[in-house]
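Heads up: the sequence shown begins at 13 in the numbering used here, then just goes up one per residue.
Even glycine gets a Cβ: it sits at the ideal position worked out from N, Cα and C.
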Amino acid sequence: MKHSKQIPLAILVAMVVAVFSFAQSSANDDVVLKSLQDELARSIDKLVIQGQEKPYFIEYEIIDAQSFNATAAFGGLLMSQRNHGRALTVDVRVGGYDFDNEPTGYPMSVAIEDDYNALRHELWLATDAAYRGAVEQIARKRAFLKNRIDEEKIPDFSKEDATVLLLPKQMLNFDQKQWETYIRELSAIFRQFPVIKQSSINFQAQLVHRYLINSEGTRIRRPMILISLEANAATQTADGMWISLGTPFYATSFDQLPSQADVTKAIQQMAEQVTKLQAAPVLNENYLGPVLFTGSASAEMFSQLLAPEFCSYRPPVGMQGEDRSELANRLNRRILPFHVSVYDDPTQEKFGDKALLGSYKVDDQGVASRKVSLVEQGVLKNLLLSRRPRKNMLKSNGHGRSGLNGGASTEIGNLFIQSSDGKTYDQLKQELIKMCKALEMPYGIIIKGGSLGDPSLTYKVYVEDGREELIRGASIGELTVKQLKAQIIAVGNDSYLLNRAGNSYGGGGASTSIVAPSALLEELELKKPTGAQQKPMLLTHPYFDKP
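Structure below.
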């Protein structure tokens with residue numbers, strides 16, 4: 013077996029130190045900020061069509077994103093590139109806070125050079141188009157509502173205090189060759205695992221400067237750093253089923269990344285799990301009974317079921333569709349067991365020694381972040397809000413977020429699920445076995461990894477001796493947020509951090525974090541695999557096919 017030479021720790025430390033150099037920058041030195049401020053001042057003073065309303069609100073957002081992306085597989089570098097782009101979103105509102113044109117801003121590419129005149133030119137064109145569109149939008153809205161009665165009369169836009177937060181600019185300076193060598197070495201780990209058919213190491217270093225200024229007086233320049241390292245591996249079973257696992261590492265600075273030894277160990281453990289899954293028996297019958305979610309699987313469950321429902325959104329007038337939150341009309345009603353509480357706190361930067369990716373000082377609409385209590389002793393007390401008001405909730409609570417795509421909507425930051433009656437893993441497992449015995453079932457199910465769509469690490473737990481057997485091929489039946497109140501029998505005293513890097517690898521959503529305990533559900537359906545599988549590959553991997 014071939015072994016790659018490891019990068020000395022001292023060199024890795026030097027790589028970290030050299031990656032980001034910090035540059036203090038005043039507003040006058042920043043061409044982007046100056047162009048935004050100057051064009052905003054001109055538009056506030058002079059932008060009007062004769063016989064039409066002047067804008068009551070104008071907002072400019074520029075997202076300047078620089079990134080380095082590299083991918084390696086089986087010891088070889090597949091891709092390495094740097095990217096730099098800028099996107100402008102213009103929000104022009106006519107009417108007033110109570111009734112306006114309800115604009116939907118779309119990002120457009122602008123010059124990546126710090127050319128004041130070029131940026132002013134593009135801002136001028138975009139502002140003119142946005143204002144003309146706003147005048148047309150409010151006319152259509154008034155015509156639509158002419159013969160309709162709006163009983164609720166909820167304001168269209170919330171009035172908020174101005175925020176000024178001009179943080180120092182940063183620079184992405186980076187030894188590309190050393191990081192290419194590092195991920196090549198990590199990708200060579202998979203040479204130790206003949207069963208694995210496909211594998212890769214993906215790396216991204218991203219620096220984003222978000223500029224936001226508006227006619228209310230808000231002025232924001234906020235740098236954001238995201239470092240992503242992700243290992244992926246896949247195999248094919250003898251019956252043709254493909255199985256894959258991934259191990260991500262996220263940080264907001266290079267010194268927060270785990271050591272090379274820890275990364276290597278985690279990748280090896282993942283590869284061993286893939287190897288075990290390749291030989292694991294398939295779920296050969298449909299299952300209906302108690303299921304214990306633990307670790308990343310539990311955090312994924314809460315992420316998929318619960319988190320989106322706290323993100324209230326009221327569609328613009330005339331648009332099809334209902335409020336996207338199933339919990340919007342359940343305030344002050346119980347939605348979870350009495351011992352479970354939930355809150356969102358973007359102001360918290362770490363959980364233990366790990367960075368929370370959902371942290372921020374101000375949201376993407378310029379509103380200061382704050383902790384919001386959502387569920388208290390099982391009862392829904394609040395929802396997350398952007399500057400789009402809803403009935404009896406007229407002010408933002410600092411959760412208008414947009415990622416890199418522009419156009420802010422409501423999103424979680426750092427979501428925490430807690431229980432005042434948490435149990436240990438052994439207690440939850442014994443409760444699972446007890447429930448199965450009462451139902452005269454030979455085994456229960458524990459899901460330790462994967463998502464609701466792909467419960468990749470699923471185990472049978474046999475009632476007679478508590479033995480755990482890894483299985484593959486299971487798929488989860490229907491489970492909705494409205495079922496959780498009755499479904500959750502017990503919750504763990506553990507906490508698992510799930511970071512979701514919305515801005516990495518081509519994503520555009522906001523980065524979020526969820527901290528959640530294990531959860532025992534009373535009854536859930538798991539289905540056995542159906543349908544034809546792809547035929548196994550004809551030849552073995554050439555690296556392992558040696559005389």
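Asked	Found
Which of helix, strand or coil DSSP assigns to valine 44	helix
For aspartate 274, the nearest candidate out of Ser507, Asn95, Leu219, Thr259 (CA to CA)	Thr259
Which residues DSSP lists as bridging proline 327, in chain order	None; proline 327 has no bridge partner.
Check: lysine 158 C-beta below 7 Å from any heavy atom of the ligand ZN	Although the ligand ZN was asked about, the structure shown includes no ligands whatsoever.
Minimum C-alpha distance to serine 414 - residue among Arg160, Glu51, Cys323, Pro541	Cys323
Inter-residue spacing [alpha-carbon to alpha-carbon] between proline 293 and serine 308	22 Å
Length-filtered (4 minimum) alpha helix (DSSP H) runs lying within the segment 463-493	none
8 Å CB neighbourhood of tyrosine 471 in its chain, flanking five on each side removed	Ile457, Ile458, Ile459, Lys460, Glu480, Glu481, Leu482, Ile483
Residue range of the alpha helix (DSSP H) that includes methionine 313	308-317
Own chain, CB closer than 6 Å to aspartate 433, minus 5 neighbours either side, in chain order	His351
Assumed close pair glycine 370, threonine 524 - CB separation to whole angstroms, cut-off 8 Å	4 Å
Residue burial classification, phenylalanine 428 (beta-carbon count within 10 angstroms, cutoff 16)	buried
Pick from Lys165, Leu464, Ile255 that is closest to proline 328, judged by C-alpha positions	Lys165
Outcome for glycine 518 when other beta-carbon atoms lying within 10 angstroms are tallied against a minimum of 16	In this predicted model, glycine 518 has a pLDDT of only 36, less than 50, meaning its place in the structure is not dependable; the value taken from the coordinates is given anyway. Glycine 518 should be labelled exposed.
Cut-off 8 Å between Cβ atoms - residues of its own chain near leucine 317, not counting five sequence neighbours on either side	Leu464, Leu491, Thr492, Val493, Leu496
Own chain, CB closer than 8 Å to leucine 510, minus 5 neighbours either side, in chain order	Ser308, Ala311, Glu312, Ser315, Ser525, Ile526, Val527, Ala528
Beta-carbon proximity list for serine 381, same chain, < 7 Å, skipping 5 on both sides	Pro358, Thr359, Tyr372, Lys373, Val374, Asp375, Gly410, Gly425
Beta-carbon proximity check, serine 79 vs arginine 98, cutoff 8 Å	no
Span of the beta strand (DSSP E) around lysine 171	Unbroken run through lysine 171: none, as it is neither H nor E.
Residue ranges of each beta strand (DSSP E) within the segment 45-87, 3 or longer	67-85
Serine 199 in three-state terms, based on DSSP	helix
For serine 211 and isoleucine 195, the rounded distance between their alpha carbons	12 Å
According to DSSP, residues forming a beta bridge with phenylalanine 556	DSSP output for phenylalanine 556 lists no bridge partner at all.
Lysine 189 classed as buried or exposed, judged by whether at least 16 other C-beta atoms fall within 10 angstroms	exposed
Extent of the continuous alpha helix (DSSP H) run through isoleucine 279	272-291
Nearest-angstrom Cα separation, counted from alanine 502 out to proline 349	9 Å
Meets three-Cβ-pair contact criterion under 8 Å: the segment 218-238 and the segment 58-75	yes
DSSP three-state assignment for leucine 100, whether helix, strand or coil	strand
Neighbour-count burial assignment, glutamine 218, 16 or more Cβ in a 10 Å radius	buried
Secondary structure of methionine 253, DSSP reduced to three states	coil
Reduced DSSP secondary structure (H/G/I, E/B, other) of glycine 145	helix
Per DSSP, the bridge partner or partners of serine 6	Absent from the structure is residue 6, since the part of the chain shown begins at 13 and ends at 559.
Alpha-carbon to alpha-carbon, glutamine 439 and leucine 562	Any question about residue 562 goes unanswered here, given that the chain covers just 13 to 559.
C-alpha gap between isoleucine 201 and glutamate 134, whole angstroms	49 Å
At least 3 beta-carbon pairs within less than 8 Å: the segment 101-119 vs the segment 144-158	yes
C-beta contact flag for leucine 184 and alanine 138 at 8 Å	no
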